[in-house]
Amino acid sequence: MICPISGEVPAEPVVSKKSGLLFERRLIERYIEDHGKCPVTKEELTMDDIVPVKTNKVVKPRPLQSASIPGLLGIFQNEWDALMLSNFALEQQLHTARQELSHALYQHDAACRVIARLKKERDEARTLLAQAERQIPASLAGAAPATVVSNGKRAMEDEIGPDGKKIRPGINPVMIEELTECNTMLSAQRKKRQVPPTLAPIDALESYTQISSHPLHKTNKPGILSMDIHPSKDIVATGGIDTNAVLFDRPSGQILCTLTGHSKKITTLKFVPRDELFVTGSADKTVRIWRESENGNYNCIHTLKDHTAEVEAVTVHATQKYFVTASKDNSWCFYDISTGSCLTQVGEASGQEGYTSASFHPDGLILGTGTTDGVVKIWDVKTQSKAATFEGHVGPVTAMSFSENGYFLATAAHDGVKLWDLRKLRNFRTLSPYDSDTPTNAVEFDFTGNYLALGGSDIRVYQVANVKVEWNLIKTLPDLSGTGKVTSVKFGADAKYIAVGSMDRNLRIFGLPGDDQMEESNTAE
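The opening residue of the sequence shown carries number 3 in the numbering used here; numbering runs sequentially from there.
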């Protein structure tokens with residue numbers, strides 16, 4: 003008469019009508035409430051199927067084992083043995099579970115290592131594939147024009163003359179006429195041009211401060227050497243010691259793309275907005291022309307290897323069909339930007355001095371170049387002959403900028419900035435903001451020709467006056483990089499901001515406080 007649930011003699015026995023089994027009343031009622039089934043046969047069972055069994059109310063007799071001390075000791079011994087066996091079984095289960103857990107953790111760690119290695123191999127393969135995709139179109143584009151005759155003379159480019167130099171096609175009369183027409187048109191427009199009402203006033207420039215700083219280049223090779231701003235898209239391009247050119251969207255604060263391909267530092271770069279092209283020059287002696295693709299990235303379409311030393315400057319003609327590169331090999335090259343062909347190379351590709359800077363006059367018929375020995379040379383582009391030579395600088399001419407008014411040229415060197423009057427071919431003012439140990443590395447007129455900025459150990463902005471009137475210092479902006487060497491300065495559209503590159507990895511934007519928040523809210527809208 004044992005209850006199958008408790009394993010003991012029931013105090014209140016009941017019997018199931020369906021199975022005939024005996025249960026303890028309180029236990030079977032709770033089980034039926036929870037499950038509604040017989041705990042043994044699993045049949046459907048209700049309270050109505052339970053019949054109580056009437057028994058005599060007598061005192062339960064003690065088991066024989068518990069009636070004596072030896073019996074009690076035997077019961078205790080059996081209980082102890084059962085407890086020890088149960089404990090031993092639990093220890094065995096714990097040991098097995100620990101082994102299984104350690105094995106699972108080892109497998110998980112091994113799987114994580116394999117996944118990390120596969121991800122690294124995948125990323126390396128993607129990088130190699132991207133480089134190959136950029137190089138294949140460049141090689142195809144570079145190979146195709148070699149067999150095509152452009153203006154009847156492209157095939158001559160690789161021919162060697164009797165003096166051992168490459169024979170260049172030259173600037174033909176059609177091109178000269180095109181350059182002359184562009185010069186005439188731009189000169190006429192300049193006379194009618196008024197100062198735009200949207201130009202930042204002087205009191206605004208006096209309040210300029212740093213509004214943002216953006217780490218664009220690698221930490222292990224810091225240093226921004228060159229910079230340019232797209233005239234219509236407000237995109238800032240920077241070239242660094244890390245061999246990369248970075249295109250940065252200033253309003254959104256996002257990097258659009260990073261151009262890789264040069265093997266040494268990028269010393270100069272320029273936008274060519276007409277065909278969405280981009281030109282970079284490097285210390286690896288090459289010049290690369292990049293074209294924007296549909297996805298917003300830039301692919302290299304031409305690699306130019308006409309120089310035998312570091313390329314120090316790239317300047318784009320006003321027609322945006324031609325550009326000039328200047329190199330430390332003491333020569334400058336005039337290129338057709340669509341074919342990437344060198345039309346003429348001026349100067350000896352050797353010698354003691356070399357070119358360190360170059361810039362087209364806004365009208366496009368005059369080219370200015372600066373040399374390592376501090377001489378500024380003015381060239382007639384049509385004849386490729388020297389029109390004037392300016393001397394007086396100490397050290398290499400690090401930068402130059404023509405004013406949009408067409409009359410002034412600013413050149414920077416170790417001794418500061420010299421301002422030249424192109425009408426009288428003379429130096430009419432010298433700005434020496436630093437001591438003799440601090441060179442001036444950058445100089446830039448804004449597009450309207452109303453402001454001049456220079457960079458050395460800090461950034462200084464001057465108001466442009468005329469030959470006789472003093473040029474007033476408007477604002478001195480500190481070099482917040484901590485390097486003490488500003489390498490490039492550019493005015494944004496309407497001088498609403500000033501972009502600064504230094505010998506650290508950050509592009510810094512100076513403007514009116516609060517302009518960055520306004521732009522972010524406009525971008526979000």
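Even glycine gets a Cβ: it sits at the ideal position worked out from N, Cα and C.
Owing to the predicted nature of the structure, the values given are computational and were not obtained by experimental measurement.
Let me know the secondary structure DSSP gives His-319 once reduced to three states. coil
Quick check: the Cα distance between Ala-239 and Gln-101, rounded to an integer number of angstroms? 59 Å
Look at Thr-432 and Gly-418 and say whether their C-beta atoms are less than 8 Å apart. yes
For Gly-283, which of Phe-250, Asp-244, Thr-327 has the nearest alpha-carbon? Thr-327
Quickly, what does DSSP pair Asp-111 with across the bridge? List them, please. DSSP, once it has assigned bridges, lists no residue as partnering Asp-111.
Thr-432, DSSP secondary structure in three states: strand
Residue burial classification, Cys-114 (beta-carbon count within 10 angstroms, cutoff 16): exposed
What is the DSSP secondary structure of Lys-19, reduced to helix, strand or coil? coil
I'd like the list of long-range same chain contacts for Glu-522, defined as Cβ closer than 7 Å, with 5 residues on each side in sequence excluded. Model confidence at Glu-522 stands at a pLDDT of 43, short of 50, so the residue's coordinates are unreliable; what they give is reported in the following sentence. None.
Where does Met-505 fall in DSSP's three states? coil
Lys-330 beta carbon less than 8 Å from that of Tyr-357: yes
Residue from Asp-365, Gly-376, Lys-307 with nearest C-alpha to Gln-347: Lys-307
Compare the Cα-Cα distances from Thr-413 to each of Ser-361, Asn-174, Gly-366 and report the closest residue. Ser-361
Sheet register partners of His-216 (DSSP bridge): Leu-509
Going by Cα to Cα distance, which pick from Gly-394, Met-402, Gly-225 is closest to Thr-371? Met-402
Evaluate Ser-504 with the Cβ neighbour count: other Cβ atoms within 10 Å of its Cβ, from every protein chain shown; 16 or more gives buried, anything less gives exposed. buried
Taking 8 Å as the cut-off, decide whether the C-beta atoms of Ser-459 and Gly-486 are in contact. yes
Since Thr-269 and Ser-228 should fall inside the 8 Å C-beta cutoff, what is the C-beta to C-beta distance between them, to a whole number of angstroms? 6 Å
From the DSSP secondary-structure annotation, give me the bridge partner or partners of Trp-422. Leu-411, Asn-429
Could you compute how far the alpha carbon of Glu-159 sits from the alpha carbon of His-416? Residue confidence for Glu-159 is low, a pLDDT of 43 falling below 50, so the modelled location carries little weight; the figure read from the coordinates is stated next. Their Cα atoms are separated by approximately 38 Å.
For Cys-5 and Asn-89, I'd like the C-alpha separation in whole angstroms. 27 Å
Determine the closest residue to Leu-427 out of Ile-380, Glu-135, Thr-440, Asp-439, with distance taken between C-alpha atoms. Ile-380
Quick check: Leu-237 and Leu-509, are their CB atoms within less than 8 Å of each other? It is Ile, not Leu, that sits at residue 237 in the sequence shown. Not a contact, by the Cβ cut-off of 8 Å.
I need the straight-line Cα distance from Pro-515 to Ser-490, nearest angstrom please. 22 Å
Restricting to runs no shorter than 3 residues, where is the beta strand (DSSP E) found entirely within the segment 233 to 306? 237 to 242, 247 to 251, 256 to 261, 268 to 274, 279 to 284, 289 to 294, 300 to 306
Quick check on DSSP: helix, strand or coil for Thr-310? coil
In the DSSP assignment, the beta strand (DSSP E) including Lys-210 goes from what residue to what residue? The residue asked about is misnamed: residue 210 is Tyr in this sequence, not Lys. Where Tyr-210 is concerned, there is no enclosing beta strand (DSSP E), given that its DSSP letter is neither H nor E.
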